[in-house]
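Colleague: Quick one: the structure is below, questions incoming.
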Amino acid sequence: MKGRVGVRGLSPVDIDVDFGQIFDHIDWSPPPLMLAGEARNGRYALFTDFIYLGLEADGTSPGPLALFSAEANMNTVVWTFGGSYRVVDNGTATLDVLAGGRLWHLDADLTVTGPLAVREASGSQTWVDPIIGVAGDVALGNGFGLHGEADVGGFGLGADLDWQVQGTLQYRYSDSVTLEAGYRYLAVDYDDDGFVFDIAMQGPIIGARFRF
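First residue of the sequence shown: 0, per numbering that gives the first Met the number 0; consecutive thereafter.
Printed below as a string of C-alpha cells:
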C-alpha cells in the first residue's frame with residue numbers, strides 16, 4: 000500500500016508499506032478478507048467482489064527538516080458489484096464487458112508527532128464510484144488457463160479516479176474447483192473537504208474458485 004491519507008484537521012500523511020512489511024502492519028482482528036462471486040445465465044452475469052483490510056501504518060507528514068512522523072490506523076472496505084455481457088465465446092477464449100459500481104468505506108485515525116506536540120484526528124467516509132471494464136479468459140490446454148480483468152471509474156462523481164487490473168494463471172483441478180495465482184493492482188484518488196484517500200494497493204494473490 001502506498002499513497003496519501005488525510006482527515007479533516009490534519010494535512011495528508013504519506014503511507015508506504017511494501018509487501019515484505021504488510022503482514023507486520025495488518026490488524027488481524029477482524030482478519031483481512033477478499034471474496035468474489037459470479038452468477039451467470041448464458042451471456043449475462045452478475046458479479047461481486049469484497050475486500051476488507053485493517054492496517055496500522057507508519058508514515059511521514061510535511062514539515063521542516065523531516066521532523067514530523069505519522070501513524071495511520073485504517074479500516075478499509077471495498078465492495079465492487081455490477082453486471083456483465085459476454086461478447087466473445089469461441090470455446091477457447093471469452094470476453095465480457097462490464098459495468099457497475101465500487102463502494103469504498105474508510106475509517107482513519109491519524110497521529111502526527113513533532114518536536115513540540117502530538118496532534119490527532121480521525122474521520123470516516125463512504126462513497127460509490129461508477130465503473131466500466133472488461134474481463135476475459137483464455138484456455139491454454141491441460142487444465143491451465145489465463146484470466147484477466149480491468150476496470151476504470153470514479154470520473155469525478157465519487158473519486159477523481161478509481162481503477163484496477165488483475166491477471167491470474169489458473170489450473171482446473173476438477174469440474175468444481177479451480178486454483179489460481181496472479182497479481183492485482185487497485186488504486187483510487189479521492190479528495191473531498193479535507194478527507195484524502197489517494198492510495199494504490201498491489202501485490203500477488205492466490206486463491207480458489209468453486210463452481211456450483
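Using N, Cα and C, we set each Cβ at its ideal position, and we do this for glycine too.
Can you list, in chain order, the residues of its chain whose CB lies under 7 Å from that of Gly206, leaving out five sequence neighbours each side?
Modeller: Around Gly206: Glu179.
Colleague: Opposite Ala71 in the DSSP bridges: which residues?
Modeller: According to DSSP, which records beta bridges pairwise, Ala71 is partnered with Ala56 and Leu109.
Colleague: In this structure, how does DSSP classify Asp192 when only helix, strand and coil are distinguished?
Modeller: Reduced to three states, the DSSP call for Asp192 is coil.
Colleague: Identify the continuous alpha helix (DSSP H) that holds Phe22 and give its terminal residues.
Modeller: From DSSP, the alpha helix (DSSP H) with Phe22 extends over Ile21 to His24.
Colleague: Which one or two residues does DSSP pair with Gly202 in a beta bridge?
Modeller: In the DSSP output, where bridge partners are listed per residue, Gly202 has Arg183.
Colleague: Contact defined as beta carbons within less than 8 Å: I believe Asp108 pairs with Asn72. What is the distance between those atoms, to the nearest angstrom?
Modeller: Right, their Cβ atoms sit about 4 Å apart.
Colleague: Alpha carbon to alpha carbon, how far is Thr59 from Phe67?
Modeller: Going from the Cα of Thr59 to the Cα of Phe67 covers about 6 Å.
Colleague: Hey, how far is the Cα of Leu168 from the Cα of Val87?
Modeller: Rounded to whole angstroms, Leu168 to Val87 spans 20 Å at the Cα level.
Colleague: Mind checking Ala92: buried by the 16 CB within 10 Å criterion, or exposed?
Modeller: Classification of Ala92: exposed, given that the 10 Å Cβ count is below 16.
Colleague: Reducing DSSP to helix, strand and coil, say where Arg7 ends up.
Modeller: Arg7: coil per DSSP, three-state reduction.
Colleague: Can you tell me whether DSSP reads Val96 as helix, strand or coil?
Modeller: Three-state DSSP puts Val96 in a strand.
Colleague: By Cβ distance, which residues of its chain are closer than 6 Å to Arg171, with the 5 residues on each side in sequence left out?
Modeller: These residues qualify, in order along the chain: Gly142 and Thr177.
Colleague: State the CB to CB distance for the pair Glu148 and Ala134, rounded to an integer number of angstroms; the pair is presumed to be in contact (CB under 8 Å).
Modeller: The pair is a contact, with the Cβ atoms about 4 Å apart (cut-off 8 Å).
Colleague: When burial is assigned at 16 or more other CB atoms within 10 Å of the CB, is Ser175 buried or exposed?
Modeller: Ser175 comes out exposed.
Colleague: Give me the residue from Val4, Phe18, Glu37 and Ser28 with the minimum Cα distance to Gln201.
Modeller: Gln201 has its Cα closest to that of Phe18, out of Val4, Phe18, Glu37 and Ser28.
Colleague: Do Ala38 and Phe46 have their CB atoms nearer than 9 Å?
Modeller: The answer is yes: Cβ separation under 9 Å.
Colleague: Quick check: what's the CA-CA separation for Val195 versus Ser10?
Modeller: Looking at the two C-alpha atoms, the distance is approximately 9 Å.
Colleague: For Trp78, which residues of its own chain have a beta-carbon under 6 Å away from its beta-carbon, when the five flanking residues on both sides are left out?
Modeller: Excluding positions up to five away in sequence, the list reads Phe49 and Leu102.
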